[in-house]
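A short write-up of the structure that comes next.
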Amino acid sequence: MIQPKNFVKTVLSWQAAHGRHQLPWQHPATPYRVLVSEIMLQQTQVATVIPYFERWMTRFPTLQSLADASEDEVMALWQGLGYYSRARNLQKAARFLVDTYNGEFPQELTDIQSIPGVGRYTAGAIKSFAYDEYGPIVDGNVRRLFCRLFGVEGVPSTSKVDKALWQLAEDYTPNQNNRRFAQGLLDLGATLCTARNPKCTECPFADHCVALHTGRVSELPTAKPKKTIPKRTGHFLWLQKDSELYLEKRPEHGIWASLWSLPELGEAPTNATLKGSFQHTFSHYKLDAKIWTLTTIPNDTVAEGKADKWAAFDDLTDIGLPAPIRKYIEQHSR
DNA sequence: TAGTCGTGGAC
DNA sequence: TGTCCAAGACT
């Protein structure tokens, strides 16, 4: 098994020669910019995040500006990126840091992890990237790299394997050059030790890799047994008055939380006409959406305790809408 | 522990 | 076309 000192040295030299050095959040890597980028990057590819990060930094250049913003504007900027609780938590984080730490960031790992939306990985990433200090990280990249390099067996999401991976991360993380080291781990996982078609011939750890030596590269990390996702039907109301559309704000919890949307109905309406439908696949279920329209506009509309509004088609750009709802509207409004 | 929570890229 | 999966956190 490769020794920590040797491992660190190899990660650092490989990162210098082959790693990514021009990511927007690297220049400069302030705590706020690192926080925003890390939250955006959760379960989201780098190429997808970059334009969102640039727009975000233009509109919310500081923690204070984010703390002062309206929720609607925050959600509008996040629209299309998915996992919308991240956006709400990010603003919670800004307000938390302003209120609790006078707008500064805490230094200790445990205090960093107390920030809303910041778990163990993100806390370690902030320590490494923003402070260049000791901060172990285990994300999908590190998980893949470690499982293969050290031959870790078992499904990574189980507590036993998860604990073993974090122990490895703690043991193999150095006490200096942490920014470059953490970036090297992620770059290795993202560009060489990939989920499919890894570039083992270019890997600096080919000589030490247990998976490569035992012919188990494609078997590690151990895949989680997958279960079939259920189908659900959703009913949505299309209420149009001239060039305006009736929208409701969705609840704080559940799918598309805090976004605006075509009103969702509890069941298929009886006195309405089917306008169209679309399919959308989430991570845990498949949605069969039915769009209904009324021939006569009621005087009192739908919302009970919900925010609602009539929005002009031209104004929809700056309203946070679910991606498939936006797509449907765009395809049926001209 | 197992679900919930989105969207788009890659193959 | 479907399937996997991506810098996870929270409940």
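In UniProt numbering, the protein residues as written are 1 to 334. Beta carbons: idealized from backbone N, C-alpha and C, even for Gly.
With residue i as the anchor, note down where its beta strand (DSSP E) starts and where it stops.
{"i": "Ala-311", "result": "308-312"}
{"i": "Ser-258", "result": "Unbroken run through Ser-258: none, as it is neither H nor E."}
{"i": "Glu-73", "result": "Taken as a continuous stretch (DSSP letters only), Glu-73 belongs to no beta strand (DSSP E), being part of the alpha helix (DSSP H) at 71-78."}
{"i": "Ser-277", "result": "273-281"}
{"i": "Leu-192", "result": "Unbroken run through Leu-192: none, as it is neither H nor E."}
{"i": "Asp-249", "result": "For the record, residue 249 in the displayed sequence is Lys; it is not Asp. Lys-249 -> beta strand (DSSP E) spans 244-249."}
Which same chain residues, not among the five before or five after residue i, have their C-beta less than 6 angstroms away from its C-beta?
{"i": "Asp-72", "result": "none"}
{"i": "Thr-10", "result": "Pro-204"}
{"i": "Leu-239", "result": "Tyr-246"}
{"i": "Asn-141", "result": "Leu-186, Gly-189, Ala-190"}
{"i": "Thr-273", "result": "Thr-293"}
{"i": "Ala-94", "result": "Leu-63, Leu-66, Ala-67"}
Ends of the alpha helix (DSSP H) at residue i?
{"i": "Trp-166", "result": "159-172"}
{"i": "Tyr-121", "result": "120-131"}
{"i": "Ser-218", "result": "First-last for Ser-218: undefined, no H or E at that position."}
{"i": "Asp-99", "result": "85-101"}
{"i": "Ala-211", "result": "210-213"}
{"i": "Leu-149", "result": "140-149"}
Between the C-alpha atoms of residue i and residue j, what's the straight-line distance to the nearest angstrom?
{"i": "Ser-13", "j": "Ala-206", "result": "15 angstroms"}
{"i": "Arg-55", "j": "Leu-77", "result": "8 angstroms"}
{"i": "Phe-96", "j": "Val-34", "result": "17 angstroms"}
{"i": "Ile-229", "j": "Glu-330", "result": "28 angstroms"}
{"i": "Thr-293", "j": "Ile-39", "result": "38 angstroms"}
{"i": "Val-46", "j": "Arg-20", "result": "11 angstroms"}
{"i": "Arg-180", "j": "Ser-283", "result": "33 angstroms"}
{"i": "Thr-173", "j": "Glu-153", "result": "21 angstroms"}
{"i": "His-280", "j": "Thr-214", "result": "41 angstroms"}
{"i": "Val-98", "j": "Ser-114", "result": "14 angstroms"}
{"i": "Pro-305", "j": "Ser-70", "result": "Looking at the sequence itself, residue 305 is Gly, so the reference to Pro does not match. The straight-line gap from Cα to Cα measures roughly 19 angstroms."}
{"i": "Ser-85", "j": "Asp-315", "result": "24 angstroms"}
{"i": "Thr-48", "j": "Ala-223", "result": "25 angstroms"}
{"i": "Lys-160", "j": "Ile-50", "result": "35 angstroms"}
{"i": "Tyr-101", "j": "Ala-123", "result": "16 angstroms"}
{"i": "Thr-44", "j": "Gly-82", "result": "9 angstroms"}
{"i": "Gln-167", "j": "Val-8", "result": "16 angstroms"}
{"i": "Ser-333", "j": "Pro-324", "result": "14 angstroms"}
DSSP state of residue i, grouped into three classes?
{"i": "Ile-319", "result": "coil"}
{"i": "His-18", "result": "helix"}
{"i": "His-235", "result": "strand"}
{"i": "Ile-112", "result": "helix"}
{"i": "Thr-62", "result": "coil"}
{"i": "Ala-29", "result": "coil"}
{"i": "Gln-183", "result": "helix"}
{"i": "Thr-293", "result": "strand"}
{"i": "Asp-68", "result": "helix"}
{"i": "Lys-9", "result": "helix"}
{"i": "Lys-241", "result": "strand"}
{"i": "Lys-286", "result": "strand"}
{"i": "Glu-267", "result": "coil"}
{"i": "Ser-333", "result": "coil"}
Would you kindly check if the distance between the Cβ of residue j and the Cβ of residue i is under 7 angstroms?
{"i": "Ala-268", "j": "Ser-277", "result": "no"}
{"i": "Lys-286", "j": "Lys-231", "result": "yes"}
{"i": "Leu-109", "j": "Arg-143", "result": "no"}
{"i": "Phe-313", "j": "Ser-261", "result": "no"}
{"i": "Gln-91", "j": "Val-74", "result": "yes"}
{"i": "Leu-259", "j": "His-235", "result": "no"}
{"i": "Cys-147", "j": "Leu-220", "result": "yes"}
{"i": "His-208", "j": "Ile-2", "result": "yes"}
{"i": "Ala-195", "j": "Lys-249", "result": "no"}
{"i": "residue 341", "j": "Gln-42", "result": "There is simply no residue 341 to check, as the chain begins at 1 and stops at 334 in what is shown."}
{"i": "Val-210", "j": "Gly-151", "result": "yes"}
{"i": "Gln-26", "j": "Gly-184", "result": "no"}
Could you name the residues of the same chain whose beta carbon sits closer than 7 angstroms to that of residue i, not counting the 5 residues immediately before and after it, in chain order?
{"i": "Leu-192", "result": "Pro-198, Lys-199, Glu-202, Cys-203"}
{"i": "Asp-162", "result": "Pro-156"}
{"i": "Ala-169", "result": "Pro-136, Ile-137, Val-138, Val-142"}
{"i": "Glu-133", "result": "Lys-127, Asn-178"}
{"i": "Phe-129", "result": "Ala-29, Val-34, Arg-179, Ala-182"}
{"i": "Asp-318", "result": "Ala-76"}
{"i": "residue 335", "result": "Examination of residue 335 is not possible in this model, given that the chain is present from 1 through 334 alone."}
{"i": "Pro-24", "result": "Ile-50, Phe-53, Glu-54"}
{"i": "Ala-87", "result": "Val-74, Met-75, Trp-78"}
Quick one: what's got a C-beta closer than 8 angstroms to residue i's C-beta in the same chain, skipping five residues either side?
{"i": "Ile-126", "result": "Pro-31, Val-34, Leu-35, Glu-38, Phe-105, Ile-112, Val-118, Gly-135"}
{"i": "Lys-327", "result": "Phe-278"}
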